[in-house]
């Protein structure tokens with residue numbers, strides 16, 4: 004996921020016959036079935052770390068008890084990306100405070116960068 008904001012999601016993925024709601028439905032259904040769910044969060048400073056994104060990801064974690072977030076660099080030309088998405092809806096808080104806030108709010112949430120080995124499931 005690059006964002007939980009449908010406008011940002013659509014601008015990046017340009018989905019055909021699916022959308023953010025389908026991705027969220029998959030997360031919810033997977034958790035309902037007792038699966039370990041990890042989400043790759045594609046990070047772009049100033050966009051990913053806004054107050055509104057923090058609020059939206061926090062709501063998803065609280066609702067689903069998401070197990071892990073893997074912070075991944077959104078490897079894209081910054082000008083291209085910023086010109087293709089709507090402007091941020093709120094101020095950026097910074098990547099480090101974003102991560103600290105998630106850790107404080109959700110101590111059981113694993114925040115990482117690499118997949119866990121299968122023997123740790």
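In my numbering, the protein residues as written are 4 to 124.
Ideal Cβ positions, reconstructed from N, Cα and C, are used throughout, including at glycine.
{"Query": "Count the other CB atoms, across all protein chains shown, that sit within 10 Å of the CB of residue 82; report buried if there are 16 or more and exposed otherwise.", "Result": "exposed"}
{"Query": "Are the beta-carbon atoms of residue 77 and residue 46 separated by less than 8 Å?", "Result": "yes"}
{"Query": "Check for me: the alpha helix (DSSP H) holding residue 64 runs from which residue to which?", "Result": "54-67"}
{"Query": "May I ask which residues mark the beginning and end of the alpha helix (DSSP H) holding residue 102?", "Result": "98-108"}
{"Query": "Got a sec? Which residues, its chain only, sit under 6 Å from residue 36 by beta carbon, not counting five neighbours each side?", "Result": "none"}
{"Query": "Using the three-state DSSP reduction, which class does residue 45 fall into: helix, strand or coil?", "Result": "strand"}
{"Query": "Excluding five sequence neighbours on each side, which residues of the same chain lie with their C-beta closer than 8 Å to the C-beta of residue 16?", "Result": "5"}
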